[in-house]
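**Student:** Right, I'll just put the structure down here and ask away after.
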Amino acid sequence: AQSVTQLGSHVSVSEGALVLLRCNYSSSVPPYLFWYVQYPNQGLQLLLKYTTGATLVKGINGFEAEFKKSETSFHLTKPSAHMSDAAEYFCAVSRGNQAGTALIFGKGTTLSVSS
Amino acid sequence: KAGVTQTPRYLIKTRGQQVTLSCSPISGHRSVSWYQQTPGQGLQFLFEYFSETQRNKGNFPGRFSGRQFSNSRSEMNVSTLELGDSALYLCASSLGAGPDGYTFGSGTRLTVV
């Protein structure tokens, strides 16, 4: 079975500070890993994904994540937080991309950014 | 191009009633998946449809059902509504089967009173 653990349900940073959102996964097969962002009353927007290949993945809005198989981690980082980054962030895993494969989500981390 | 459209955006229903939610995928997308989001359980997979066939179903009671039409539009139905069915229901479409390439809609907020 697959699972995702997001450490810290709430993270607070100052504008301009490093953003680090932690995600650990469990998977018996090579995983596909995703980070999504959700703003209030909206759906999920894909920030970045790891499928195969390069383990350092760059996404939109300056975010990046590194797939570390030995640590079963896929932490999300951004060098300098902006006020507009305040939102809820979800890490998700899937067993590849074939038909019948669903996303398993973590519980989410709410990011607050203060000025 | 138009995104994934979910209608209605908000819905209030009474316990025991039934409800139908609609999802229109991005043009050309053949796969539609549904997820339920609640504060307690988080995001949970409901179903996946690809070319009108249900390919996968999550761990939800039989009161939850869905279907996909030949134009790839999908509907989900919940019968005999319970208070715990109050949630944001999200639909995602993708070109092929599987979650890589998902584009999510803005969701339907269902409140059961």
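Line order of the protein sequences matches chains U and W.
Residue -1 is where the first sequence starts when you use the numbering used here, and the numbers rise one by one after that.
Residue 1143 is where the second sequence starts when you use the numbering used here, and the numbers rise one by one after that.
The beta carbon of each residue, even a glycine, is placed where N, CA and C say it ideally should be.
What is the DSSP secondary structure of U:Leu16, counted as helix, strand or coil?
**Tutor:** Looking up residue 16 of chain U in the first sequence gives position 18. Coil.
**Student:** With W:Asn1219 and W:Ser1207 assumed to form a contact (beta carbons below 8 Å), what rounded beta-carbon distance in angstroms separates them?
**Tutor:** Working through the second sequence from its first residue, we reach residue 1219 of chain W at position 77. Working through the second sequence from its first residue, we reach residue 1207 of chain W at position 65. Indeed, because the Cβ distance is near 5 Å, the residues count as touching under 8 Å.
**Student:** Quick test of the definition: if touching needs 3 or more C-beta pairs under 8 Å, does the segment 1187 to 1194 of chain W touch the segment 1143 to 1155 of chain W?
**Tutor:** Flag = no, the segment 1187 to 1194 of chain W and the segment 1143 to 1155 of chain W do not touch.
**Student:** According to DSSP, is W:Leu1225 part of a helix, a strand, or is it coil?
**Tutor:** What you label residue 1225 of chain W is simply residue 83 of the second sequence in a count that begins at 1. Helix at W:Leu1225.
**Student:** Would you grab the beta carbon distance between W:Gln1179 and W:Leu1225 for me? Rounded to a whole angstrom, and I think it's under 8 Å.
**Tutor:** In the second sequence, residue 1179 of chain W corresponds to position 37, counting from 1. In the second sequence, residue 1225 of chain W corresponds to position 83, counting from 1. With a Cβ gap of about 16 Å, W:Gln1179 and W:Leu1225 do not count as contacting.
**Student:** Please classify U:Gly60: does DSSP put it in a helix, a strand, or coil?
**Tutor:** Counting from one through the first sequence, the residue named residue 60 of chain U turns up at place 62. If DSSP states are grouped into helix, strand and coil, U:Gly60 belongs with the helices.
**Student:** If you measure from the beta carbon of U:Asn22 to each beta carbon in chain W, is any gap under 7 Å?
**Tutor:** For the purposes of this step, residue 22 of chain U is identified with residue 24 of the first sequence, where counting begins at 1. False, the Cβ-Cβ gap to chain W never drops below 7 Å.
**Student:** Hey, how far is the Cα of W:Ser1216 from the Cα of W:Ile1168?
**Tutor:** By 1-based counting over the second sequence, the position of residue 1216 of chain W is 74. By 1-based counting over the second sequence, the position of residue 1168 of chain W is 26. Using only the alpha carbons, I get a separation of about 12 Å.
**Student:** Indicate whether at least one CB of chain W lies closer than 7 Å to the CB of U:Leu31.
**Tutor:** Walking along the first sequence from the start, residue 31 of chain U turns up at place 33. It does not: the Cβ of U:Leu31 has no partner Cβ on chain W nearer than 7 Å.
**Student:** Check whether chain W comes within 7 Å of U:Lys105, counting only Cβ atoms and requiring the distance to be less than that.
**Tutor:** Position 107 of the first sequence, counted from the start, is the residue given in the question as residue 105 of chain U. Yes, its Cβ sits closer than 7 Å to a Cβ of chain W.
**Student:** Decide yes or no for the touch test of the segment 29 to 40 of chain U against the segment 1162 to 1177 of chain W: beta carbon pairs closer than 8 Å, at least 3 of them.
**Tutor:** Touching, no, given that fewer than three Cβ pairs across the two stretches are closer than 8 Å.
**Student:** For chain U, find out if any of its Cβ atoms is closer than 7 Å to the Cβ of W:Ala1198; answer yes or no.
**Tutor:** On the second sequence, residue 1198 of chain W is found 56 positions in, with the first residue counted as 1. Position check: residue 1198 of chain W holds Asn in this sequence, whereas Ala was assumed. Output row for W:Asn1198: interface = yes.
**Student:** Specify, as a first and last residue, the run of the beta strand (DSSP E) that W:Lys1199 falls within.
**Tutor:** The residue labelled residue 1199 of chain W in the question sits at position 57 within the second sequence. Start and end: Thr1195 to Lys1199.
**Student:** Quick one: what's got a C-beta closer than 6 Å to U:Ser92's C-beta in the same chain, skipping five residues either side?
**Tutor:** Translated into the one-based positions of the first sequence, residue 92 of chain U becomes position 94. Correct list, in chain order: Tyr30, Thr99 and Leu101.
**Student:** If we cut at 7 Å on Cβ distances, does W:Pro1241 have a partner in chain U?
**Tutor:** Here residue 1241 of chain W corresponds to residue number 99 of the second sequence, with the count starting at 1. Yes, its Cβ sits closer than 7 Å to a Cβ of chain U.
**Student:** Whose CA, out of U:Leu19, U:Gly60, U:Gln40 and U:Lys67, lies closest to the CA of U:Tyr48?
**Tutor:** If you number the first sequence from 1, residue 48 of chain U lands on position 50. Out of U:Leu19, U:Gly60, U:Gln40 and U:Lys67, U:Lys67 has the C-alpha closest to the C-alpha of U:Tyr48.
**Student:** Tell me, please, whether the CB atom of W:Ser1248 is closer than 7 Å to any CB atom in chain U?
**Tutor:** For the purposes of this step, residue 1248 of chain W is identified with residue 106 of the second sequence, where counting begins at 1. Yes - at least one Cβ of chain U is within 7 Å of the one on W:Ser1248.
**Student:** How far does the beta strand (DSSP E) with W:Leu1252 in it reach, from first residue to last?
**Tutor:** As a first step, residue 1252 of chain W must be located in the second sequence, where it is residue number 110. Here the beta strand (DSSP E) through W:Leu1252 covers Thr1250 to Val1254.
**Student:** Please check if any C-beta of chain U sits within less than 7 Å of the C-beta of W:Gly1184.
**Tutor:** For the purposes of this step, residue 1184 of chain W is taken as residue 42 along the second sequence, with counting starting at 1. Closer than 7 Å to some Cβ of chain U, the Cβ of W:Gly1184 qualifies, so yes.
**Student:** Please state whether DSSP places U:Ser82 in a helix, a strand or coil.
**Tutor:** For the purposes of this step, residue 82 of chain U is identified with residue 84 of the first sequence, where counting begins at 1. Three-state result, U:Ser82: helix.
**Student:** Please determine, among W:Tyr1152, W:Asn1201 and W:Arg1197, the residue with the shortest C-alpha to C-alpha distance to W:Ser1173.
**Tutor:** Translated into the one-based positions of the second sequence, residue 1173 of chain W becomes position 31. Looking at the Cα atoms, W:Arg1197 is the closest of the given residues.
**Student:** For U:Leu156 versus U:Leu19, is the C-beta distance shorter than 7 Å?
**Tutor:** Outside the modelled stretch of chain U, which goes from -1 to 113, sits residue 156 of chain U, for which no answer is possible.
**Student:** With a floor of 3 residues, list each beta strand (DSSP E) that falls wholly inside the segment 1152 to 1181 of chain W, ordered by position along the chain.
**Tutor:** Complete beta strand (DSSP E) runs here, min 3: 1152 to 1155, 1161 to 1166 and 1173 to 1180.
**Student:** Let's see if you can read the secondary structure: which residues bound the beta strand (DSSP E) around W:Gln1186?
**Tutor:** Indexing the second sequence from 1 puts residue 1186 of chain W at position 44. Per DSSP, W:Gln1186 belongs to the beta strand (DSSP E) from Gly1184 to Phe1192.
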